[in-house]
Amino acid sequence: MWISKPLKALSQDEAFFYQKIVEKHSAPLSQSALWGNAILSTGTEVYVAYDTEKEIGGMAFFFQDTMECINGPMLNWGNDGINEELATFVYALTQAQKLTKKVIIKPRFDKQEEVLKTNFLKFPIHSYEETSTKILQLNPKEDLDFFLGPKIRSELQRTHRHLDEIFLEEASLEDFYQRLSEQYRKKKEFLPEKSWFEKLLPNSKIFSAQFEDIIHSQIFMTLHCKTVYYLFANEQRDDGAPNISLNLLLQRQAIEWAIQNKAEFYDLSGYKRGIDKTDSYWGVKVFKDKFPGEIVDFVSPVFIFE
763 MWISKPLKAL SQDEAFFYQK IVEKHSAPLS QSALWGNAIL STGTEVYVAY
813 DTEKEIGGMA FFFQDTMECI NGPMLNWGND GINEELATFV YALTQAQKLT
863 KKVIIKPRFD KQEEVLKTNF LKFPIHSYEE TSTKILQLNP KEDLDFFLGP
913 KIRSELQRTH RHLDEIFLEE ASLEDFYQRL SEQYRKKKEF LPEKSWFEKL
963 LPNSKIFSAQ FEDIIHSQIF MTLHCKTVYY LFANEQRDDG APNISLNLLL
1013 QRQAIEWAIQ NKAEFYDLSG YKRGIDKTDS YWGVKVFKDK FPGEIVDFVS
1063 PVFIFE
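Residues in the sequence shown are numbered from 763 upward in steps of one, following the working numbering.
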């Protein structure tokens, strides 16, 4: 039986069942009810459509006359029944929101599996979108400092020399968002509303470190299924500050938190291949290159139904 309705209209049992589907398919954070409620808080309409028998379905966001499903839906891709499942999912969304004139579907596949996942599809693919990220596979039995490698150990040792002068705490959302807003305003980049972060807080933690009054660093982490996602960070550093990385110190803390919460993966949330120092992402890439782990490339075929 298909259930299709606004996310906010789900009963407790329906929401529990949807989460069961998310966990069964190891779906990305962006298909979880947690993420959906965060998007809902910004004023965007959010809908879910799922089959309780086949345990398939997904979540989509409605804006103006368009329904968009990002990194989903959770269907039996690579199976000869995929065309019926996809068509039924699209139809269910249009029945949930009668004003829908266009449905955009963007499932996310590991690039190495894309051909197998789309082998049985008869619907035309409009275009492709590609992304990458770096993922650490966590092992609670392995010594964390050994796992992180010699380069990070060396940098942390340099930071530890100042440990008596570093104040570590779990920051409040108010302080974190104020500092993050200042940083994004200077860069003229988009930042979600504060309410978006508030909805993620039940599964999130904000780590904060301060060195005297000259370095202040914070990171925002979210736990979903068996993965911890590194979502946002801010840092304020005065001229003349010592060459130490509070962010790296916080990353180690966050990985410990992930292991304590039985997470199996640590997702650094984004990575760019083939760039040089002229790219604005270069500094972030250099930072993420320090970590062990695998760079995973994803491809999203884009389907448009009108």
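Note that beta-carbon positions come from the ideal geometry of N, C-alpha and C, so glycine has one too. Since this is a predicted model, take the numbers as computed values, not measurements.
(message) Tell me which residues share the same chain as Glu885 and place their Cβ nearer than 6 Å to its Cβ, disregarding the 5 neighbours each side in the sequence.
(response) Against the sequence shown, residue 885 aligns to sequence position 123. The amino acid at residue 885 is misidentified as Glu; the sequence shows Phe. The residues are Phe1065.
(message) Considering only DSSP beta bridges, list what Arg999 is partnered with.
(response) One-based indexing of the sequence shown puts residue 999 at position 237. In the DSSP output, where bridge partners are listed per residue, Arg999 has Ile977.
(message) I want to know whether the stretch 856-869 touches the stretch 895-912 - three or more CB-CB distances under 8 Å.
(response) The stretch 856-869 vs the stretch 895-912: no contact.
(message) If the criterion is Cβ atoms closer than 8 Å, does the pair Thr850 and Tyr1033 meet it?
(response) The residue labelled residue 850 in the question sits at position 88 within the sequence shown. The residue labelled residue 1033 in the question sits at position 271 within the sequence shown. Taking 8 Å as the Cβ cut-off, Thr850 and Tyr1033 do not qualify as a contacting pair.
(request) Enumerate in chain order the residues of its own chain whose CB-to-CB distance from Leu1010 is below 6 Å, with the five nearest sequence positions on each side excluded. (result) Indexing the sequence shown from 1 puts residue 1010 at position 248. For Leu1010, where only same-chain residues beyond five positions count, the Cβ hits under 6 Å are Glu917.
(request) Whole angstroms is fine: what's the gap from Leu772's alpha carbon to Lys950's? (result) By one-based count along the sequence shown, residue 772 stands at place 10. By one-based count along the sequence shown, residue 950 stands at place 188. For Leu772 and Lys950, the distance between alpha carbons rounds to 37 Å.
(message) Can you give me the C-alpha to C-alpha distance between Glu955 and Thr856, rounded to a whole angstrom?
(response) Mapped onto the sequence shown, residue 955 falls at position 193. Mapped onto the sequence shown, residue 856 falls at position 94. Approximately 28 Å, taken between the alpha carbons.
(request) Leaving out five residues on either side along the sequence, give the residues of the same chain with a beta carbon under 6 Å from the beta carbon of Asn965. (result) To locate residue 965, count along the sequence shown from 1; it is residue 203. Result list for Asn965: Leu796, Thr984 and Leu985, in chain order.
(request) Within its chain, find whatever has a CB closer than 8 Å to the CB of Ile714; leave out the 5 residues flanking it on each side and keep chain order. (result) Here the chain has residues from 763 to 1068 only, and residue 714 is not among them.
(request) State yes or no: is the C-beta of Glu932 within less than 8 Å of the C-beta of Ile977? (result) One-based indexing of the sequence shown puts residue 932 at position 170. One-based indexing of the sequence shown puts residue 977 at position 215. In this structure, Glu932 sits away from Ile977, with a CB-CB distance that is not shorter than 8 Å.
(message) Going by DSSP, what residue range makes up the alpha helix (DSSP H) through Gln857?
(response) Taking the sequence shown and counting its residues from 1, the one referred to as residue 857 is at position 95. Its alpha helix (DSSP H) spans residues Ile844 to Ala858.
(request) In the DSSP assignment, find the unbroken beta strand (DSSP E) run with Ala822 in it and report its ends. (result) As a position in the sequence shown, residue 822 is number 60, starting the count at 1. Ile818 to Phe825 is the span of the beta strand (DSSP E), which, as asked, contains Ala822.
(message) With distance defined between alpha-carbon atoms, name the residue in Phe929, Leu953 and Thr893 nearest to Gln940.
(response) Locating residue 940 in the sequence shown gives position 178, counting from the first residue. Of the listed residues, the one whose Cα sits closest to Gln940 is Leu953.
(message) Using 8 Å for Cβ pairs, my map puts Lys1050 next to Leu1030. What's the rounded Cβ distance?
(response) Stepping through the sequence shown from its first residue, residue 1050 is reached at position 288. Stepping through the sequence shown from its first residue, residue 1030 is reached at position 268. Going by Cβ atoms, the distance from Lys1050 to Leu1030 rounds to 5 Å, so yes, they are a contact pair.
(request) Classify His888 as buried or exposed, calling it buried when 16 or more other Cβ atoms lie within 10 Å of its own Cβ. (result) Translated into positions along the sequence shown, residue 888 becomes position 126. Counting of Cβ neighbours within 10 angstroms places His888 among the exposed residues, the total staying below 16.
(request) For the alpha helix (DSSP H) containing Ala706, list its first residue and its last residue. (result) Nothing in the structure corresponds to residue 706, since the chain is present only between 763 and 1068.
(request) Report buried or exposed for Phe825, applying the criterion of at least 16 other Cβ atoms within 10 angstroms of its Cβ. (result) Mapped onto the sequence shown, residue 825 falls at position 63. Looking at its Cβ environment, which holds fewer than 16 other Cβ atoms inside 10 Å, Phe825 is exposed.
(request) Give a yes or no on contact between the stretch 778-789 and the stretch 834-847, applying the rule of three or more CB pairs nearer than 8 Å. (result) With the rule of 3 Cβ pairs closer than 8 Å, the stretch 778-789 counts as touching the stretch 834-847.
(message) Distance check for Tyr991 and Glu1056, CA to CA, integer angstroms please.
(response) Looking up residue 1056 in the sequence shown gives position 294. Looking up residue 991 in the sequence shown gives position 229. About 15 Å.
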